[in-house]
Amino acid sequence: MAVLTEEQVMLKDAAKGWVSERSPVSALRKLRDADVDVGFDRAAWAEMGQMGWAGVVVPETYGGSEFGYRSLGLVLEETGRTLTNSPLVSTALFAASVLTLGAGAAQKEAWLGRIAEAGAVIAPAIDEHAHHAPAATALAATRSGDGWTLTGKKPFVLDGMAADAFIVAARTSGKPGEEAGITLFLVPASAPGLSRTRLKTVDSRGAADVSFEGVAVGADTVIGQADQGFGLLDQALDRARAGLAAEMLGQASQAFEITLDYLKTRVQFGQVIGTFQSLQHRAAKMFTELEMTRSCVEAALDAIDSNGNDVRALCSLAKAKASETVHLVSNEMVQMHGGIGMTDAHDAGLYMKRARVSEALFGGASFHRDRYATLMGY
Amino acid sequence: MAVLTEEQVMLKDAAKGWVSERSPVSALRKLRDADVDVGFDRAAWAEMGQMGWAGVVVPETYGGSEFGYRSLGLVLEETGRTLTNSPLVSTALFAASVLTLGAGAAQKEAWLGRIAEAGAVIAPAIDEHAHHAPAATALAATRSGDGWTLTGKKPFVLDGMAADAFIVAARTSGKPGEEAGITLFLVPASAPGLSRTRLKTVDSRGAADVSFEGVAVGADTVIGQADQGFGLLDQALDRARAGLAAEMLGQASQAFEITLDYLKTRVQFGQVIGTFQSLQHRAAKMFTELEMTRSCVEAALDAIDSNGNDVRALCSLAKAKASETVHLVSNEMVQMHGGIGMTDAHDAGLYMKRARVSEALFGGASFHRDRYATLMGY
Amino acid sequence: MTDSAPTELDAFRAETRAWLEQNYPRSLDAPMAEDDAPWGGRRAKWSNPDAKLWLDRMAAKGWTAPTWPTAYGGGGLSAEQNRVLQQELIRLKARPALMSFGLWMLGPVLLEYATEEQKQKFLPPIVRGEIRWCQGYSEPGAGSDLAGLQTRCEDQGDHYLVNGQKVWTSYADQADWIFCLVRTDTSKKHEGISFLLFDMTTPGVEPRPIKLISGSSPFCETFFDNVKVPKDQLVGRLNGGWDIAKRLLQYERQNISASGFGGGAGPELEDVAKAFVGVSGGKIADPDLRARIAEHRMYAKAFALTVRRAEAESKAAKGPSAATSIIKYAAAKMNQDRSELMVEALGTQGLGWEGEGFDPDALKATRAWLRSKGNSIEGGTSEVNLNVVAKRVLGLLDHQ
Amino acid sequence: MTDSAPTELDAFRAETRAWLEQNYPRSLDAPMAEDDAPWGGRRAKWSNPDAKLWLDRMAAKGWTAPTWPTAYGGGGLSAEQNRVLQQELIRLKARPALMSFGLWMLGPVLLEYATEEQKQKFLPPIVRGEIRWCQGYSEPGAGSDLAGLQTRCEDQGDHYLVNGQKVWTSYADQADWIFCLVRTDTSKKHEGISFLLFDMTTPGVEPRPIKLISGSSPFCETFFDNVKVPKDQLVGRLNGGWDIAKRLLQYERQNISASGFGGGAGPELEDVAKAFVGVSGGKIADPDLRARIAEHRMYAKAFALTVRRAEAESKAAKGPSAATSIIKYAAAKMNQDRSELMVEALGTQGLGWEGEGFDPDALKATRAWLRSKGNSIEGGTSEVNLNVVAKRVLGLLDHQ
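Residue numbers (my numbering), protein chains in the order written: chain B, 262 to 639; chain W, 262 to 639; chain Z, 74 to 473; chain S, 74 to 473.
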C-alpha cells in the first residue's frame with residue numbers, strides 16, 4: 262500500500278480543484294438538460310487533456326506521463342466525486358491500456374499520442390448482450406483479401422457517439438463462449454458500414470448501439486495476434502475495472518459525505534437526525550464499507566503498476582466491492598434524505614443512477630464474485 | 262388461513278401447559294448433562310403419547326385422532342419453544358406420514374397404532390451425505406429370494422439410537438442422483454446386520470450413524486412400490502419440513518421473547534438497553550421476520566391438510582423462511598444478551614445450537630431456495 | 074357471526090349481479106390507461122364518456138361509498154353486503170367507478186369528526202365525484218415529524234388567514250379542494266394543530282408540480298400566501314386537529330399497504346432474467362442471481378400470505394392483528410428488492426432513460442425502480458414504521 | 074525517515090540473526106500445542122524444558138519486551154530494531170518466548186502512569202515471565218458500560234478494602250496478580266474509579282472458571298470478599314483510574330484486532346465445501362453456497378488489505394489512520410461469517426459436540442463457530458464500536 266508520491270499528491274489536488282471549479286455536479290445536470298449527444302463537455306475534455314489526465318498511463322515516448330494506474334485512479338476518484346462525464350474511462354483507461362499493452366508500433370504511433378492530448382475518443386465495443394461476458398463475443402470477422410470484414414452488433418458502447426474509433430472484439434474462430442478465437446480490431450468510426458444510434462441513458466453518460474454491416478478493414482487494424490485477443494482484452498478490462506472502481510469509490514465517498522452533512526443538519530422531532538442511533542450505526546457501517554473498498558481499489562491499482570501476479574483477482578475484488586458499496590451508499594443517500602432525496606432537484610438521484618450504470622459496466626458484483634471464485638479454484 | 266377450531270385451541274393450550282410444567286428448557290439441560298443416549302426422556306414421551314400427540318396425523322382407524330398437520334404443528338410449536346427433545350419429528354411427523362400415505366394395510370396395522378400411543382420410535386434413514394439430498398440415495402437393496410438385502414450406511418439418523426425401526430431409502434435401480442429407482446423399506450432395528458453408533462450432537466438431540474451390512478429383509482418390508490419410492494418419500498419429507506418449520510417457529514418465537522424481556526430489563530449507560538434505537542430497529546425487524554414465517558408455516562400446514570396443489574412449494578417456503586428466521590433470531594439472542602449470552606449457564610447457546618441442527622435437517626435455506634426456484638420453473 | 078342471514082345476502086348478491094351486468098358499460102372492458110383513472114372533480118376529462126356514465130350510475134346508488142349512510146349519499150350497505158358488492162365487481166373485472174382521496178381518506182374522518190352541516194355539505198359531492206380533494210400534510214421541515222408543521226393559520230375574526238407551504242401534495246394541481254393541517258397555536262406542538270378544508274381556487278393558493286428522480290409525478294409543492302378561509306371550514310375543534318390527522322393517516326396506510334405498491338405489474342422477474350441473462354438446464358444461467366431472485370420471490374410469497382393472515386385474524390378478532398403492523402415496512406422492502414433485481418436482471422437494458430434502443434417495458438422497469446425508492450419514505454418512513462413496531466407492538470421504551 | 078541508519082540496522086540484523094540461530098532451541102520447531110503456550114508465572118508448567126530455556130535466554134536480553142527501557146529489564150530497542158527482531162523471529166518460525174497480559178496490556182500503562190518504585194517492582198518480573206497477570210475489568214452489571222462498575226474499594230487508613238465481583242477475567246484461576254478497576258467514589262461515575270494491583274493469593278480472592286457455549290474457557294468470575302490491598306499498589310491517583318483503564322483498552326484492542334480472532338487456522342472454507350458439498354465442473358456444487366463463500370472470502374481479503382493499509386497510513390502519518398477504527402468491528406463480522414459458512418458447509422458433520430462419528434477438525438470448527446459469537450461482544454461490543462465510529466470518526470452527536 263504505497264504512500265502517495267509528491268507528484269501523485271499534486272495530481273490529486275489538481276483534480277480536486279478542477280472538478281470543484283469546472284465540473285461540479287451541476288455540470289452533469291446542465292449536460293443532461295442540454296441533451297448533449299456525445300454525453301460529455303468537449304471543452305472540459307480538452308482541458309483534461311491539457312492537464313495531462315488523458316495520458317497518465319500512456320508511455321512517455323507517445324506523449325504520456327506514464328504515471329501509472331494508481332495515479333489515474335486518483336484523477337478518476339475526484340471526477341467520480343462530482344459525477345463528471347468524460348471519456349477518461351473509455352479512452353484514457355481502457356483504450357490506452359489495450360494499445361499500450363498489445364498494439365504494434367504503427368498503431369501506437371497513430372493513436373496513443375492523440376489519446377494523450379485528448380485528441381481522440383476510442384470506445385470499447387466489446388459486449389453483445391445485456392450482461393458483461395467478453396468471451397461470448399459473436400460479432401463475425403472474416404478474412405477478405407488482405408483484410409477482414411466485420412458483421413454484427415455491439416449494443417451499449419460507452420462513449421459510442423463521440424468515438425473516433427472503436428476497439429472491437431470480434432470472433433475470428435471458435436464459438437461464442439470460448440476465449441480462443443477472439444481478435445481485437447481498431448476500427449475508425451468513419452469506416453463504411455459502421456453506424457451508431459444514440460442511447461439516452463439513465464445517468465446521462467454517453468452510449469450508443471453500434472452496428473457493423475460488412476465493415477471492411479485492413480490487416481493493420483488487428484491489435485496483437487488474430488485469434489489470441491482474449492488475453493489482451495482481459496488484461497485491459499482488468500485495468501478498466503480497477504480504474505472504474507476508483508471512480509466509483511469517489512462517487513460513493515462523495516455521496517456518503519453529502520449524506521453525513523445532511524444527518525448533521527436535518528432536524529426532526531427536535532433532534533438533528535444524525536443523533537438517532539439506528540442512523541448512526543448505518544452510517545458507521547457505510548464508513549466501514551468505504552474504507553474496505555478503498556483498500557481494495559488501491560491494492561488493485563498498485564498491483565497493476567507493480568505487475569503483481571494477483572492483478573486479476575484484485576481487479577475483480579475492487580470492482581465487486583466498489584459495486585456493493587456504491588449500491589449501498591447510493592440507496593442510503595436517498596433514504597436518509599427522505600422526500601427531498603426523491604426529487605429531481607436534489608443530487609441524490611443522480612448518484613443513484615450513476616451508481617447502477619457503473620455497477621453494470623465491465624461486470625457487476627455477481628460477475629466478479631463468480632470470476633474471483635473461479636480464479637481461486639473453487 | 263383458517264382460524265383455529267376449538268379442538269385446536271385446546272390442543273395448543275394443553276401443549277403450552279405441559280411443556281411449561283414438564284419440559285421447560287431445564288429439562289433439555291438435565292438430559293444433556295445426564296448424557297442420555299436416546300436423546301429424550303422416555304417418561305415424557307410416554308406422557309405425550311397419553312395426550313394423543315403422537316397420533317395427531319394418524320388415521321382414527323389406527324388409534325390416531327386424525328386432527329391433521331396444522332394441529333400437530335401447534336404441538337410442535339409449543340415443544341419447540343422450550344427445546345423439548347422427543348420423537349415427535351421422526352416418528353409422529355415423518356414416519357406416521359410415510360405409513361399413512363404409502364404403506365399397505367398390514368404395515369399400517371402393525372405400526373400406526375404403536376406410533377399413535379408412543380409405543381414405537383421409527384427413524385428416517387434417508388440421507389447418506391452431510392447435506393440433505395434424498396435423490397442421492399446409494400444404499401443398495403438387492404433382491405435375494407423373496408426378499409431383499411440391504412448394504413450401505415446412513416449417517417446422522419435422527420433418533421437413531423431410540424428407533425425400534427427405520428424407514429430406509431434404498432437404491433433398487435438407477436444411479437444415485439436419479440429419483441427413479443428408490444425404494445422405501447421399513448426395517449426393524451433388531452434386523453441382523455444392522456448396527457448403530459451414537460452421535461453426540463451439538464444440541465443434544467438424539468442421532469446415530471446406522472450401518473447396514475447385508476441386512477436381509479422380507480418383501481413385506483417394502484413400503485409402496487419398489488423403485489417408485491421417491492414420490493412418497495418427498496411427500497412425507499414435505500410434511501416433515503412443514504412440521505419442523507412449526508417447531509422452529511416456536512424456537513425462534515421463544516428466543517425472541519426471552520431477548521425482548523432482556524432488552525426491557527438490562528441497564529447500561531443508565532438506560533434500559535431496549536431504549537437504544539438500533540436495538541429497537543433490529544427487534545422490529547426480527548418481529549417482521551417472525552410474522553412472515555408464521556404466515557408461511559400456517560399456509561404450508563393448511564395446504565397439506567386441504568390437499569392443496571402448492572404443497573411442495575409452500576413446504577419449501579416454510580422450511581427456508583423458518584431456517585432464515587431462527588438463524589437470525591438465535592444469533593441476535595446471543596449478541597443482545599452480551600457476555601451472559603455466551604455462557605453455558607444461559608439458555609441462549611441452547612437455542613443457537615438447536616437452531617443450526619433444525620436448519621440442516623430436511624434441507625436448509627439454500628436447498629429450499631433451489632428447490633423453490635426449480636418448482637417455479639426458473 | 075354475520076350481519077345478515079345467508080339467505081338475505083344471497084338475494085343481495087343476485088340483485089347486485091343483475092344490476093351490475095345491466096349497468097356496467099361494456100366499453101370499459103378495455104384495459105384502463107393511466108390517463109383514464111376516474112379521479113372525478115371539476116376538471117375531470119372523460120376520454121370515454123362511458124366512464125362518466127359508470128360513475129353516475131354507481132353514485133346514484135351510493136355505491137362509490139357503499140358503507141356510508143344514505144343520508145350523505147352513501148350506499149348504506151353492511152360490511153357483509155359491501156364484501157359481496159366488491160366480489161361481484163371483481164367478478165366482472167369492473168374498472169373502479171371513482172378513485173378519490175375524498176372517499177379513501179377524508180370521508181371516513183368527516184363521518185367521525187365533522188358537524189352535521191359539514192357532512193351534508195362535503196360528503197355527497199365526494200360520493201358523486203364532483204369535488205376532487207388533495208391532502209395538505211407534509212412540509213419541507215415536517216416529514217417524519219409531521220407534528221412539527223409550521224403552516225400558520227391566524228384567526229382574523231370573521232375568517233382564518235393561512236400562510237405557509239406544503240409539500241408532497243398529490244395532484245394538488247388537479248384538485249378542487251384541500252384538507253390541510255395548519256398551526257393555530259405556536260406555543261404547543263401536537264395541541265396547536267387544526268384540520269382545515271378549503272377551495273384550491275381561493276386566491277393565494279399556488280401548487281407547483283414536483284419532478285422526481287423517476288420523472289414527472291403527481292406530487293406538488295403547494296404555497297399559501299394570505300389565503301382566506303371561512304371559519305365554518307374548520308373540522309373538529311380549534312387546536313384539536315392532531316387526532317383527526319392521525320386517524321386519517323390510518324386510512325391512508327391501509328390504502329397503501331393493500332396495494333403493496335403495485336408490485337405485480339409488468340413482466341415477471343424470472344422471465345426477465347431468463348430473457349436477459351439466459352437459461353442453462355432450465356434454470357436462470359447466473360446461479361447467484363437465480364438464488365437472489367428465489368429469495369426475493371419467497372419473501373414476496375411470505376408477504377402475500379401475511380397480508381391474507383392479517384386480514385383473517387383482524388376479522389376474527391374484530392381488531393387489528395399484530396401482523397398488520399409490519400405490512401407497510403415489508404411491502405416497501407419487497408417492492409424495492411424486486412425493482413433492484415429487475416434492473417440488475419435487465420443488465421444494460423435496465424440503464425435507459427428514454428428513447429430508441431431500449432425496450433419500452435425495460436424503460437418502465439427502470440422508472441419503476443427509481444420510483445420504488447420512495448416506498449420506504451412516503452406514508453411514514455421505514456424508520457418510523459420500525460419505531461412504531463418497537464414501541465407500540467413490542468413495548469420498548471423511548472430513550473431518556 | 075528511519076530511527077537508525079540502514080547500515081547500523083543491517084548490522085543489528087546480522088547480530089540478531091546469529092544470536093537467534095544459536096539460542097533458539099531446535100526442539101521447539103515442533104508445533105506448539107495449546108497447553109504449551111508460554112504464559113509463565115509462578116504456576117507455569119513446562120512440558121518441554123527448552124521452552125523455559127528460550128524464555129530465560131530472551132528475557133536475559135530483555136527481548137520479551139524489546140522496546141521497554143533496559144532499566145526495567147526491557148530490551149531498549151528502537152521501533153526499527155524491534156521490527157528487525159520480529160522479522161527475524163518470524164524467519165526462524167520461532168515460538169513466542171512469552172505470552173503475557175503483563176507484556177501486552179499492563180506494562181505499557183505502567184510505563185506511562187506508575188511511580189518509579191512501582192515500575193521497578195512490577196516491570197522486571199513481567200519481562201522475565203515470573204508473574205502472570207489477569208485483568209479485572211468487566212462486571213455482571215458493567216459490560217459495554219464499563220464505567221458503571223461497582224466493585225467497592227474503601228480506604229481503611231493503612232490499606233484498601235475491596236469487595237465485589239468481576240467477570241470475564243481471563244485465566245484468573247492461573248494468574249498471580251490482577252490489575253483491577255475499583256470504585257473509590259460512589260458519587261461520581263468516571264471520576265470515581267481507581268486502578269489497583271493486587272496478589273491473587275490475597276485472602277478473600279476467589280476465581281471460578283466460566284463454561285461457555287463452546288465448552289470450557291479461560292474466563293472466570295472473580296469474587297472479592299474483604300480483600301486487603303496495600304496502599305502503594307494503587308496506580309495513578311485515587312479516582313484517576315479511568316484514563317489508565319481506557320489507555321489499557323487501546324492496547325488490548327490492538328492485540329485483538331491484529332490477531333483477527335485467529336481466523337486463518339484449520340482447513341480452508343472452500344476446501345471444506347468441496348469435500349462436503351461436492352464439486353461440479355471444478356466448482357463447489359452448490360452455487361448458492363459458492364457465491365456466499367466467494368462474497369465472504371472477498372470481504373476477508375478486503376479486510377486484510379485494510380489492516381495493511383491502516384498500518385502503512387498510521388506509520389506514514391505518525392498517528393492512527395481512520396481505517397483503524399473499523400478493524401475490530403470488521404474482524405468480528407468476518408470471523409463470524411466464516412464460522413457460519415464453515416458449519417453450513419460441513420452439513421451434519423458440523424453438528425457434533427464430541428465423540429465418535431465426527432471428524433476432529435469438524436468438531437473443532439463447530440466449537441470455533443460457537444466461540445466466534447463472542448467476537449462481537451468481547452473487547453467492546455460491535456454496537457459500541459459502531460457508536461464510537463459514528464461519534465468520534467464521523468462526528469455525529471449524542472441523542473439529547
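Beta carbons are placed, not taken as given, at the ideal position from N, Cα and C, and that holds for glycine.
For the stretch 545-568 of chain W, the beta-carbon criterion of a distance under 8 Å to any beta-carbon of chain Z is satisfied by ALA545, LYS546, PHE548, THR549, GLU552, MET553, THR554, ARG555, SER556, CYS557, GLU559, ALA560. W:THR433 is not a Cβ neighbour of W:VAL476, given a cutoff of 9 Å. Ranked by Cα distance from W:THR398, the first of W:PRO416, W:LEU575, W:ILE383 is W:PRO416. For S:VAL302, DSSP records a beta bridge to S:TYR233. Spanning the alpha carbons of B:ALA497 and Z:GLU341 requires a straight line of approximately 36 Å. Taking 9 Å as the cut-off, the beta carbon of Z:VAL240 is found closer than this to the beta carbon of Z:PRO213. Proximity of Z:GLN473 to chain B, defined by a Cβ-Cβ separation below 9 Å, is not satisfied. Taking C-beta atoms as the reference points, Z:VAL255 and Z:LEU222 count as a pair closer than 9 Å. For the stretch 517-544 of chain W, the set of positions with a beta-carbon nearer than 7 Å to some beta-carbon of chain B reads PHE537, GLN538, SER539, HIS542 in chain order. With contact defined as three or more Cβ pairs closer than 8 Å, the stretch 159-173 of chain Z and the stretch 181-195 of chain Z are not in contact.
Contact annotation: B:TYR330 and B:ASP495 have beta-carbon atoms that are not nearer than 9 Å.
Under the three-state reduction of DSSP, S:GLU279 is assigned to strand. In this structure, B:ALA379 lies away from B:MET422, with their beta-carbon atoms at least 9 Å apart. Taken residue by residue, none of the stretch 304-324 of chain Z has a beta-carbon sitting less than 8 Å from a beta-carbon on chain B. Bounds of the alpha helix (DSSP H) holding S:VAL182 are 180-186. Z:ALA110 sits exposed, since fewer than 16 C-beta atoms from the chains shown fall within 10 Å of its C-beta. Counting the other Cβ atoms within 10 Å of the Cβ of S:SER211 gives 16 or more, which makes it buried.
DSSP places W:PHE301 in no beta strand (DSSP E); its state is neither H nor E. Looking at the DSSP output, S:SER243 bridges to S:PHE292. In this structure, DSSP gives Z:PRO360 a helical state, which the three-state scheme calls helix. Contact between S:LYS134 and S:GLY148 holds: CB atoms are separated by about 6 Å, below the 8 Å threshold.
Comparing C-alpha distances from Z:GLU343 to each of Z:ALA395, Z:SER412, Z:PHE297 shows the shortest one belongs to Z:SER412. At least one CB atom of chain B sits nearer than 9 Å to the CB of S:ALA375.
For W:GLY363, the enclosing alpha helix (DSSP H) begins and ends at 357-363. Restricting attention to W:GLY485, W:GLU440, W:THR410, the CA atom closest to the CA of W:ALA452 is found in W:THR410. For S:GLN238, the nearest beta carbon of chain W is not closer than 9 Å to its own beta carbon. Between the beta-carbon of B:ALA356 and that of B:PRO385 there is about 7 Å, and that keeps the pair under the 8 Å contact cut. Z:ALA403 counts as buried, since no fewer than 16 other beta carbons sit within 10 angstroms of its beta carbon.
Counting only residues of its own chain and dropping the five nearest sequence neighbours on each side, B:LEU578 has a CB closer than 6 Å to the CB of CYS557.
Collapsing the DSSP output to three states places W:LEU460 in a strand.
S:GLU427: member of the beta strand (DSSP E) spanning 425-427, first to last residue. DSSP places Z:LYS194 in the helix class (H, G or I) of the three-state scheme. Taking 4 residues as the shortest admissible run, the stretch 126-171 of chain S contains the following complete alpha helix (DSSP H) segments, listed from N- to C-terminal end: 152-164.
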